[in-house]
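Peer 1: Got a structure here, written out as structure tokens. Questions coming.
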Amino acid sequence: MAPIGIFRKLWLLRNARSAGERPLVRSILEGKPTKILELGLGELKRTPNMLSLAARISDGPIHYVGFDRFEARMPDEPPGVTLKEAHSCLQKFGRIQLVPGNPDSTLARLCNHLGWFDLILVSKTIDQVTISRCWFFLQRLTQSHTIVLQESAEGIWTTVSHQDVGERANQQVFRKVG
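So, in structure tokens, the structure goes:
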């Protein structure tokens, strides 16, 4: 694929996305991630665009791991795609692994086999109780260069520092012990 020029980068950072998604675009443009983990795919509006951008600017092939409930969504949860729809939409971007089930239990089962990631995304489609149980395992998947972004209820992506990831992981450990 053709590299992205300076004007295209500026356009992406200023105009192409909503203001809430600009930190996500900036993280991809600056970090050039090749290993991406996403908790909560939702309706699959953001992911194909994100992977397309990452594939255009990265130095190697993209490895994407997506955790979602897919067909096991509860009626009170936001709508989303099926596992089959997600796989057929995303397979063209690189090595795609989609993991169905509750993100906290599946992440607990698989985190030692996944390795580290360059970019970790925590979607607003995952409830706070589930996310709080994930931080302990997400901490194991980060290195010093890993960027962790969490989406707020308003759709704004904010960076979660490594210190915050560690503190959130410790809070979960203390809840289990206490």
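In this note's numbering, the protein residues as written are 35 to 212. All C-beta atoms, glycine included, are put in the ideal place defined by N, C-alpha and C.
1) State the start and end residues of the unbroken alpha helix (DSSP H) segment that holds Trp169.
2) Does the stretch 174 to 187 come close enough to the stretch 87 to 98 that 3 or more CB-CB pairs lie under 8 Å?
3) Which stretch, first to last residue, makes up the beta strand (DSSP E) that contains Asp102?
4) Ordered along the chain, which non-local residues of its own chain (more than five positions away) have a Cβ less than 6 Å from that of Val133?
5) Could you pull the start and end residues of the alpha helix (DSSP H) that Glu64 belongs to?
6) Going by DSSP in three states, Gln177 sits in which element: helix, strand or coil?
7) Tell me the residue span of the beta strand (DSSP E) that contains Leu155.
Peer 2: So, from the data block:
1) Sequence index remark: in the sequence shown, residue 169 carries index 135 (1-based). Taken as a continuous stretch (DSSP letters only), the alpha helix (DSSP H) holding Trp169 covers 162 to 174.
2) no
3) On the sequence shown, position 68 is the one that residue 102 refers to. Looking at the DSSP string, the run of the beta strand (DSSP E) that includes Asp102 is 97 to 102.
4) Sequence index remark: in the sequence shown, residue 133 carries index 99 (1-based). Same-chain partners within the cutoff: Phe101, Thr140.
5) Start at 1 with the first residue of the sequence shown, and residue 64 comes out as number 30. Its alpha helix (DSSP H) spans residues 56 to 65.
6) As a working note, residue 177 is residue 143 in the sequence shown. Three-state DSSP puts Gln177 in coil, outside helix and strand.
7) For the purposes of this step, residue 155 is taken as the residue at position 121 of the sequence shown. Here the beta strand (DSSP E) through Leu155 covers 153 to 156.
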